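Chains as they are written, first to last, in UniProt numbering: chain V, 1 to 255; chain R, 1 to 406; chain U, 1 to 436. Glycine included, C-beta positions come from ideal geometry on N, C-alpha and C. Nothing here was measured: the structure is a model prediction, and the numbers come from that model. A short worksheet on the structure shown next.
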Amino acid sequence: MSAELQNHLADEVAIQITNMNKWYGDFHVLRDINLTVQRGERIVIAGPSGSGKSTMIRCINRLEEHQKGQIVVDGTELSSDLKNIDKIRREVGMCFQHFNLFPHLTILENCTLAPMWVRKTPKKEAEELAMHFLEKVKIPDQANKYPGMLSGGQQQRVAIARSLCMQPRIMLFDEPTSALDPEMIKEVLDTMVTLADEGMTMLCVTHEMGFARQVADRVIFMDQGQIVEQNEPEEFFNNPKSDRTKLFLSQILGH
Amino acid sequence: MTTMIDPPKAAGFHISQLLYDTRYRSMTIQVIVFLLVMGLGAYLLNNTIINLAAADKDIDFGFLGNRAGYDINQLLIPYSSDSTHWRATIVGLLNTLLVAFLGCILATIIGVVAGVLRLSKNWLTAKIMSFYVESFRNIPVLLWILAFFAVLSEMDRKPRSFRGEDAVNNMWLWDSVAVTNRGTYIPAPIWGDGSALVVITFLLSLLGIWAYGKWSHRRFEATGQILPNFWYKLGIFIVPSLAVFFLLGRPIALSIPEIKGFNFSGGLHIRNSLLALWLALSFYTGSFIAEIVRSGILAISKGQTEAAAALGLRPSRTMNLVILPQALRIIIPPLISQYLNLTKNSSLALAVGYMDLRSTLGGTTLNTTGRELECMLLMMMVYLAVSLTISTFMNVYNNSVKLKER
Amino acid sequence: MKNSKSVAFVREGMIDQQPAPASQIGAVRWLKDNLFSSVLNSILTIISLLVIFWVLSGIVPWMFGGVWNASSLSECRDILNERYGNTHYACWAVLTERWQQLLFGFYPAEEIWRAVVAFVLMLVAIAPVLFESVPRKLLWVTIAFPFLMVWLVWGGPIWGPLLVALGFVLFYVSYVVLERKSSTLLALIGSLVIGLVWWMFCVGPLSEALGSALPIGDLERVESRVLGGFMICVIIGLSGIALSLPIGLILALGRQSNLWVVKAICVGFIEFIRGVPLITLLFTASLLLNYFLPPGTAFDLTLRVIIMVTLFSSAYMAEVIRGGLAALPKGQYEAADALGLDYWQSQRLIIMPQALKISIPGIVNTFIGLFKDTTLVMFIGIFDMLGLSNAIRANSAWNGINWELYIFIGLVFWICCFSMSQYSQWLERKLRTGHH
Numbered sequence: 001m002s003a004e005l006q007n008h009l010a011d012e013v014a015i016q017i018t019n020m021n022k023w024y025g026d027f028h029v030l031r032d033i034n035l036t037v038q039r040g041e042r043i044v045i046a047g048p049s050g051s052g053k054s055t056m057i058r059c060i061n062r063l064e065e066h067q068k069g070q071i072v073v074d075g076t077e078l079s080s081d082l083k084n085i086d087k088i089r090r091e092v093g094m095c096f097q098h099f100n101l102f103p104h105l106t107i108l109e110n111c112t113l114a115p116m117w118v119r120k121t122p123k124k125e126a127e128e129l130a131m132h133f134l135e136k137v138k139i140p141d142q143a144n145k146y147p148g149m150l151s152g153g154q155q156q157r158v159a160i161a162r163s164l165c166m167q168p169r170i171m172l173f174d175e176p177t178s179a180l181d182p183e184m185i186k187e188v189l190d191t192m193v194t195l196a197d198e199g200m201t202m203l204c205v206t207h208e209m210g211f212a213r214q215v216a217d218r219v220i221f222m223d224q225g226q227i228v229e230q231n232e233p234e235e236f237f238n239n240p241k242s243d244r245t246k247l248f249l250s251q252i253l254g255h
Numbered sequence: 001m002t003t004m005i006d007p008p009k010a011a012g013f014h015i016s017q018l019l020y021d022t023r024y025r026s027m028t029i030q031v032i033v034f035l036l037v038m039g040l041g042a043y044l045l046n047n048t049i050i051n052l053a054a055a056d057k058d059i060d061f062g063f064l065g066n067r068a069g070y071d072i073n074q075l076l077i078p079y080s081s082d083s084t085h086w087r088a089t090i091v092g093l094l095n096t097l098l099v100a101f102l103g104c105i106l107a108t109i110i111g112v113v114a115g116v117l118r119l120s121k122n123w124l125t126a127k128i129m130s131f132y133v134e135s136f137r138n139i140p141v142l143l144w145i146l147a148f149f150a151v152l153s154e155m156d157r158k159p160r161s162f163r164g165e166d167a168v169n170n171m172w173l174w175d176s177v178a179v180t181n182r183g184t185y186i187p188a189p190i191w192g193d194g195s196a197l198v199v200i201t202f203l204l205s206l207l208g209i210w211a212y213g214k215w216s217h218r219r220f221e222a223t224g225q226i227l228p229n230f231w232y233k234l235g236i237f238i239v240p241s242l243a244v245f246f247l248l249g250r251p252i253a254l255s256i257p258e259i260k261g262f263n264f265s266g267g268l269h270i271r272n273s274l275l276a277l278w279l280a281l282s283f284y285t286g287s288f289i290a291e292i293v294r295s296g297i298l299a300i301s302k303g304q305t306e307a308a309a310a311l312g313l314r315p316s317r318t319m320n321l322v323i324l325p326q327a328l329r330i331i332i333p334p335l336i337s338q339y340l341n342l343t344k345n346s347s348l349a350l351a352v353g354y355m356d357l358r359s360t361l362g363g364t365t366l367n368t369t370g371r372e373l374e375c376m377l378l379m380m381m382v383y384l385a386v387s388l389t390i391s392t393f394m395n396v397y398n399n400s401v402k403l404k405e406r
Numbered sequence: 001m002k003n004s005k006s007v008a009f010v011r012e013g014m015i016d017q018q019p020a021p022a023s024q025i026g027a028v029r030w031l032k033d034n035l036f037s038s039v040l041n042s043i044l045t046i047i048s049l050l051v052i053f054w055v056l057s058g059i060v061p062w063m064f065g066g067v068w069n070a071s072s073l074s075e076c077r078d079i080l081n082e083r084y085g086n087t088h089y090a091c092w093a094v095l096t097e098r099w100q101q102l103l104f105g106f107y108p109a110e111e112i113w114r115a116v117v118a119f120v121l122m123l124v125a126i127a128p129v130l131f132e133s134v135p136r137k138l139l140w141v142t143i144a145f146p147f148l149m150v151w152l153v154w155g156g157p158i159w160g161p162l163l164v165a166l167g168f169v170l171f172y173v174s175y176v177v178l179e180r181k182s183s184t185l186l187a188l189i190g191s192l193v194i195g196l197v198w199w200m201f202c203v204g205p206l207s208e209a210l211g212s213a214l215p216i217g218d219l220e221r222v223e224s225r226v227l228g229g230f231m232i233c234v235i236i237g238l239s240g241i242a243l244s245l246p247i248g249l250i251l252a253l254g255r256q257s258n259l260w261v262v263k264a265i266c267v268g269f270i271e272f273i274r275g276v277p278l279i280t281l282l283f284t285a286s287l288l289l290n291y292f293l294p295p296g297t298a299f300d301l302t303l304r305v306i307i308m309v310t311l312f313s314s315a316y317m318a319e320v321i322r323g324g325l326a327a328l329p330k331g332q333y334e335a336a337d338a339l340g341l342d343y344w345q346s347q348r349l350i351i352m353p354q355a356l357k358i359s360i361p362g363i364v365n366t367f368i369g370l371f372k373d374t375t376l377v378m379f380i381g382i383f384d385m386l387g388l389s390n391a392i393r394a395n396s397a398w399n400g401i402n403w404e405l406y407i408f409i410g411l412v413f414w415i416c417c418f419s420m421s422q423y424s425q426w427l428e429r430k431l432r433t434g435h436h
């Protein structure tokens, strides 16, 4: 395998997961996960709770450690090497279900923290960058407030802006709307749609099937720690193949 | 595809992996920390050895077998100045445990009463209890010990003032308890023949109460009937022991203190040092326990009471079945750590001359033998053992009541 | 009646608020609710009133009939006998005579202003730590205070404390410079080495040289052994708490760590310290510490006590901070990780600022405990207030006086500890409800 070809592949393939397995003690949470994500691809991962979907995307930036198999992100293998882990975390942004903004820092400080300390960007530059992304998520006027003063939807948008400030090439979303009140879900999804339209590589764990239909290139259905079905959204929703998928879809689309 | 991006896994071991590989990094750090700590330990030890050599001393616990040569004024086991230092240590330890044990009991009683009264609907009572709690816990316990000792030893109740027909001071509780400025005299039991049987019966009846509780609970589960448990239990508690006591012709008698000449004789003499230490530690710790009890009860949300009421439970049952089990879970861990504090604070016995562990082993023994290092080491280890025993109980309890949550 | 079947209803005029029935308000109502709501309650009220009356009738005349001016207990009793015919009254004169000693120990009288200045500075230095509304600029006073305090209390030329402070600046600057060049850990080690070299080898000679060349701010030296009273309690308590903060922090992190060697060492240390009474550690300080140090090192008892008290409170501090760490949601760690911050960065920037803030009430409570425990130093021959009260009693003029001294000491402690505990409760309430 020549280095050239590897680089070429790395340009095309954003994430390559091969035969990944993970256990919590005796419990086999992820079983033989194989997944290739192309650059610019938008993937929605669905599945019942406890199916391992969050665990899977948390493995991609090593918030969880996988025990078997291989994860390659942007041509860098996720191993026990700290330098690789740092490199991958710099390239991969993540949004959490509970936002996880830093409550003791202002919105602006939340956004400039990582660029300043990890990328060593000068403060002024980092602030300009932060304002740019805060404008993009449409809350530049809240920059000097603290997270506790914002609504849930606003907080999640700040969290997205915070990740974007590291200028990641891949974004992971771990149920970004499930802790939100219904009327706030739309503003967050709109932000995510804008992001998708700009060509960001995205992996979203979400129950928002409307969002999946609208932006996803591919929908992945997981159950009991394995990938059960994946397809383009139209096919996936209109013509599910597996019984488990059918059951799941009937449960969440039932009303 | 997978084979194409195979990582260079077999590339061998680089020295930089020690720092940058998560698998080895933790090892590296641990080895460094271990070496640093060991180094510090070795340095201190080396200094000690040099210093001991310079002072012409060694480390030897053999002195514990030598004759102690001093008296101890409160004995739970036989001891005389001819006994060994080891024996003196044990006597001291028992005295420490005695005051700690008595203190824990009294502190719990005071604390629970004060804590509950502080929540009382009666404004005046609640304020008095607040005053008690705030004044005791914001003033050093050492000051309280000294103050209690001063109260006891400066009272105008000299033993000789109890003398004669028209004595200035009187004994209390039907002439059985004499509180004097030289200590308090209380009746002491005299164990006659057959008293062992009475004690055994008493212990058996305790077992009986427990068995009865189990049985009545099972009966309740089976039939739904609720028995007046309290009265039955009280009966089991009293009747058999009393019956045996009288059947055997009252084997246990009481020795009542009596004024003879200028002092009391008979009964049990409780020294002011023990009394002051006991009361001060109890009232001081009691103020902390009161707060623990109060916040424990307050922490059980109103919702729980309302839910129980909505289910139709009566207030007394709500307390027993819903509030107390939950409140105890909150109360007991800090309560035990207060017991721990009380035990450690008992070392302040020094201030009033109570002969506890610190005063025998860490005091007279240390001074007469000149073995500072050994005595201090032994004393710390004993205190540590006592503390660890208590906190082990606490952990066992904590684990057994921990809420089962997902 | 036609409308009665319809569910439609429109209110035409709003009802104004009406006053409550007379039985629901007023003082009588309050008395009934709070003091006499039931038989049991009424009995409690009567018992309480009796207790209050009994206590006050004993204490009030004694207190307010006391004598404030006399030079000895016997003189005091003479005055009381003259005035009342008996001596059942307080003799506050001992306080008038000796209050300075109780507060400052044997500190030279003409230098007491220094102790007072240090005390006021301390209040200024603590204010920005405790209250967020105080201007942040005062934090500079906080940083400078330890060095100023040493200079003010112990005297000598200002150069010594100044150079030690300079060492911290050096440490910080070298850390910042090194961190740009290498990793955080290496920078920390490197700057620590630089700092230690400065403190151990440069400070001593330099301060001597500067002291003789430029004798600026040369206060008269005061020996440690004349420190005493309330002052020594504050010094020991405050330095114990301040110095134990960093150690406690490291211990808490170590105890949380998943490196088992580190964890075992930290747990062992914490449990050992928490398992033995403070008094045994104080005796260690006075009897044994010299054994553990290189032969010939002799430093004064106050310093040895401060070392031991620091070790003692660091174990308690570690537990408090551990509580603060445990109270932080796991998401904060994850977010810091996901942004690519390394362990020390996330601890310093994300975890510690929040955990320490949650811990302040606990830290204040630890301080209250420690402050009360400083009275124990009387057992190893340091004259704190209780030690001084013994010394005063040993003087033939005041032999036999107890209560006046105990009440004064108790009151001083009570005022300090009660206000601190009120503060920590206030902060706890604020933390529970407040956002920023």
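- Among the residues facing chain R, threonine 280 of chain U is included, as its CB has a counterpart in that chain under 8 Å away.
- Among the bridge pairs identified by DSSP, tryptophan 191 of chain R is matched with R/Ile252.
- The CB of tyrosine 333 of chain U never comes closer than 9 Å to any CB in chain R; the least such distance is about 16 Å.
- Sequence-distant partners of methionine 171 of chain V (beyond 5 residues in either direction) whose C-beta falls short of 6 Å from its own C-beta, in its chain, are Gly93, Met200 and Met202.
- Leaving aside the five residues that flank isoleucine 112 of chain U on each side, the residues in its chain whose CB is nearer than 8 Å to its CB run, in chain order, Gln100 and Phe104.
- The C-beta of alanine 114 of chain V comes closer than 8 Å to at least one C-beta of chain U.
- The alpha-carbon separation between leucine 328 of chain R and leucine 321 of chain R amounts to approximately 12 Å.
- In the DSSP assignment, glutamate 374 of chain R falls within the unbroken alpha helix (DSSP H) covering 372-401.
- In this structure, the CA atom of phenylalanine 367 of chain U is about 32 Å from the CA atom of threonine 184 of chain U.
- No residue range can be given for threonine 121 of chain V, since it is assigned to no beta strand (DSSP E) and is classified by DSSP as neither H nor E.
- In the DSSP assignment, glycine 204 of chain U falls within the unbroken alpha helix (DSSP H) covering 203-213.
- Taking 8 Å as the upper bound for CB-CB distance, aspartate 81 of chain V and glutamine 226 of chain V are not in contact here, some 28 Å apart.
- Chain-order list of chain V residues neighbouring glutamine 345 of chain U: Trp117, by C-beta distance under 7 Å.
- Contacts with chain R at 8 Å (Cβ-Cβ) do not include lysine 22 of chain V.
- At a C-beta separation below 8 Å, asparagine 47 of chain R has these neighbours in chain U: Tyr291, Phe292, Leu293, Pro294 and Pro295.
- In the structure shown, threonine 142 of chain U adopts helical secondary structure according to DSSP, grouped into three states.
- If you check each beta-carbon in the region 348-378 of chain U against every beta-carbon of chain V, the ones closer than 8 Å belong to Leu349, Ile350, Pro353, Gln354 and Lys357.
- For the region 76-90 of chain V, the set of residues with a beta-carbon nearer than 8 Å to any beta-carbon of chain R comprises Glu77, Ser79, Ser80, Asp81, Leu82, Lys83 and Ile85, in chain order.
- Nearest Cα to serine 359 of chain U within the set U/Gly204, U/Leu214, U/Ala335 and U/Ala326: U/Ala326.
- No Cβ of chain R is located within less than 8 Å of the beta carbon of glycine 237 of chain U.
- When DSSP states are grouped into helix, strand and coil, leucine 197 of chain R belongs to the helix group.
- In the DSSP assignment, tryptophan 198 of chain U falls outside any alpha helix (DSSP H) and carries neither an H nor an E.
- In this structure, V/Arg58 is the residue among V/Asp181, V/Gln155, V/Arg58 and V/Lys138 with its C-alpha nearest to the C-alpha of isoleucine 17 of chain V.
- Chain V places no beta carbon closer than 8 Å to that of aspartate 16 of chain U, leaving this residue out of the contacts.
- Think of a sphere of 7 Å around the beta carbon of alanine 338 of chain U: the chain V residues whose beta carbon falls inside it are Asn61, Leu63, Arg89 and Met94, in chain order.
- Between the alpha carbons of valine 193 of chain V and threonine 55 of chain V lies a distance of about 24 Å.
- The beta carbon of glutamate 374 of chain R lies closer than 6 Å to those of Phe61 in the same chain, with the five residues before and after it left out.
- In the structure shown, glycine 69 of chain V falls within a strand segment according to DSSP collapsed to helix, strand and coil.
- Within chain U, the residues placing a beta-carbon under 9 Å from that of methionine 166 of chain V are Leu339 and Gly340, ordered along the chain.
- Between alanine 54 of chain R and proline 294 of chain U a beta carbon distance of about 11 Å is seen, past the 8 Å cut, so the two are scored as non-contacting.
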